[in-house]
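This report refers to the structure that appears directly beneath it.
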Ligand code: R5P
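Residue numbers (the working numbering): -19 to 323.
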C-alpha cells in the first residue's frame, strides 16, 4: 500500500454531516481537528429535498459525510449539497462514505439487468472530486479505479477489527464465512495472534444461503469469532452461526465492518450469537468500533491499494468481461420483483 499526501492538504477544510451521519462527522472533525459545518435540509410538502449550507465554504475543502447504506433515500440530497458547495466556491468536494453502496451488482447476471455498480459510480464521480470509503465490496473489480472516475481511496478496517477482537475476546478462533474471505481473515487472525478457518458458502438467492463447515472440532474450547465485511440480509452469518454451534462451540461473536442489517436480520441473528459488533460505517446498535481515526488519516493522504487486493475474493476479471458477462450466477432477486406490462 502506498500513501501520498493529499495535494489540497493545505486548504482549510470543513466537515458537513448529511442527516443520520452527525455522530461520525463530529468524531471525524474532532479526530482531524477540523471545524464541523452545518447543513440544513428538509422536505417540501411534495417530498422534494431542500438543502442549504450555513457556513462559508469559499476556497475550502468540503467533506460531506454520508454513509450510503439505503442510498436511494438520500442520494439526491447529497448531490445537491455537493453542487451547492461547488457553486459557493469550495475548491474541492469530497464524499466521505464509510459504506459504499451498489457494489454487489458488479456484472449482468441476467439479460437486460442494470449493472448498478457502474451507474452509481458514474453518478458519484460526476458530483464529487474525491471519494473516501472503507472496505468496499470489491469482488469482480480488483479496485475502485476501474469503476470511479475520481480519486477513490479504499481504507481498510481490518486492523481495527483485529484490535477489537484482541482486546475483547479471550482465546478467539476466527472464522470467515466463505473461501474467498481467506486472505482477509488470515490477515486479521495474524494480527490477533489467533487460529482461523474459512467456511464454504453457496448462495442460491438474496435470502437463501447454504454454508458448509469443515471439521472444526479441533478448536473446540476456543471462542468462535465470525468476521465478515457486510451483514446485509444476515443470512450468511445466521447459517454459519447455527452450524458452528452444532459442532459443539459456544455461540459465536460476530464482527463485521458494515452492519447494514436489512429488515429483521439483526433480531433473527442475535439469538444465535453471543455478541454482534460492527464499525460505525452504518449507524446501528451494534456499533463498537470507531472509524473516525482511520477516516481522518485517510482524508489527509491518498491511499493507493492498487496491486494489493483488499479482499481477494476471486481472481479479478477484466472489466470488459464483466460487461459482457454470461448468466452463470444466481438470480439477483428471489422475491417477486415489480414488473411493468405483460410479464
Ligand atoms: C459476501 O460476498 C459478503 O462478504 C457477505 O458474506 C455477504 O454480502 C453477506 O450478505 P448477507 O448478509 O445478505 O448474507
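Each residue gets a CB set at the ideal place from its N, CA and C atoms; glycine is no exception.
Since we're looking at a predicted model, the values are computed, not measured.
Requested in this report: For residue 11, write down the residues that DSSP places opposite it in a beta bridge.
Outcome: One-based indexing of the chain shown puts residue 11 at position 31. DSSP, once it has assigned bridges, lists no residue as partnering residue 11.
Query raised in the report: Is residue 139 helix, strand or coil by DSSP?
Result: The count along the chain shown starts at 1 and reaches residue 139 at position 159. Three-state DSSP puts residue 139 in a helix.
Requested in this report: Please classify residue 243: is it buried, with 16 or more other beta-carbons within 10 angstroms of its beta-carbon, or exposed?
Outcome: Taking the first residue of the chain shown as position 1, residue 243 is located at position 263. Around the beta carbon of residue 243, fewer than 16 other beta carbons sit within 10 angstroms, so the residue counts as exposed.
Report task. Indicate the three-state DSSP secondary structure (helix, strand or coil) for residue 192 in the structure shown. Result -> Taking the chain shown and counting its residues from 1, one reaches residue 192 at position 212. In this structure, DSSP gives residue 192 an extended state, which the three-state scheme calls strand.
Report task. Could you tell me whether the region 249 to 259 touches the region 152 to 171, where touching means 3 or more Cβ pairs closer than 8 Å? Result -> Short answer: they don't touch.
Query raised in the report: Assuming residue 124 and residue 134 make a contact with CB atoms under 8 Å, what is their CB distance in whole Å?
Result: Translated into positions along the chain shown, residue 124 becomes position 144. Translated into positions along the chain shown, residue 134 becomes position 154. About 6 Å; that satisfies the 8 Å criterion.
Report task. Would you check whether the ligand R5P has a heavy atom nearer than 7 Å to the C-beta of residue 131? Result -> Locating residue 131 in the chain shown gives position 151, counting from the first residue. The answer is no for residue 131.
Query raised in the report: Which residues in the same chain have their Cβ closer than 6 Å to the Cβ of residue 269, if we skip the five residues on either side of it in sequence?
Result: Taking the chain shown and counting its residues from 1, the one referred to as residue 269 is at position 289. 140, 144 and 259.
Report task. Compare the Cα-Cα distances from residue 47 to each of 237, 213, 257 and 245 and report the closest residue. Result -> Working through the chain shown from its first residue, we reach residue 47 at position 67. Among 237, 213, 257 and 245, the Cα nearest to that of residue 47 belongs to 237.
Query raised in the report: What number of angstroms, rounded off, separates the C-alpha of residue 326 from the C-alpha of residue 174?
Result: Given that the chain is displayed from residue -19 to residue 323, the structure contains no residue 326 and the question cannot be resolved.
Report task. Entirely within the region 52 to 114 and at least 4 residues each: give me those alpha helix (DSSP H) ranges in chain order. Result -> Scanning the region 52 to 114 from its first residue to its last, the whole alpha helix (DSSP H) runs of 4-plus residues come out as 96 to 107.
**Report entry** Reduced DSSP category for residue 150 - H, G, I as helix; E, B as strand; rest coil
**Finding:** Numbered from its first residue, the chain shown carries residue 150 at position 170. Three-state DSSP puts residue 150 in coil, outside helix and strand.
Query raised in the report: On the premise that residue 103 lies in contact with residue 130, defined as a C-beta separation below 8 Å, what is that separation, rounded to the nearest angstrom?
Result: Locating residue 130 in the chain shown gives position 150, where the first residue counts as 1. Locating residue 103 in the chain shown gives position 123, where the first residue counts as 1. Contact doesn't hold; Cβ gap of about 11 Å is too wide.
Query raised in the report: If residue 101 sits next to residue 57, beta carbons under 8 Å apart, how far is it from one beta carbon to the other, in whole angstroms?
Result: Your numbering for residue 101 matches position 121 in the chain shown. Your numbering for residue 57 matches position 77 in the chain shown. Taking 8 Å as the upper bound for CB-CB distance, residue 101 and residue 57 are not in contact here, some 19 Å apart.
Query raised in the report: Cβ-heavy atom distance between residue 250 and the ligand R5P below 7 Å?
Result: Looking up residue 250 in the chain shown gives position 270. Outside the cutoff, so no.
Report task. Using DSSP bridges, identify the partner residues of residue 181. Result -> As a working mapping, residue 181 is identified with position 201 in the chain shown. Paired residue(s): 191.
Query raised in the report: By the 10 Å Cβ neighbour count, where 16 or more other Cβ atoms means buried, how is residue 164 classified, buried or exposed?
Result: Within the chain shown, residue 164 is the residue found at index 184, counting from 1. Classification for residue 164: buried.
Query raised in the report: At a cut of 8 Å, does the region 218 to 228 reach the region 185 to 199 through at least three beta carbon pairs?
Result: Here the region 218 to 228 makes contact with the region 185 to 199; the two share three or more CB pairs at distances below 8 Å.
Query raised in the report: Span of the alpha helix (DSSP H) holding residue 170?
Result: The sequence position of residue 170 within the chain shown is 190, counting from 1. DSSP places residue 170 inside the alpha helix (DSSP H), whose first and last residues are 162 to 172.
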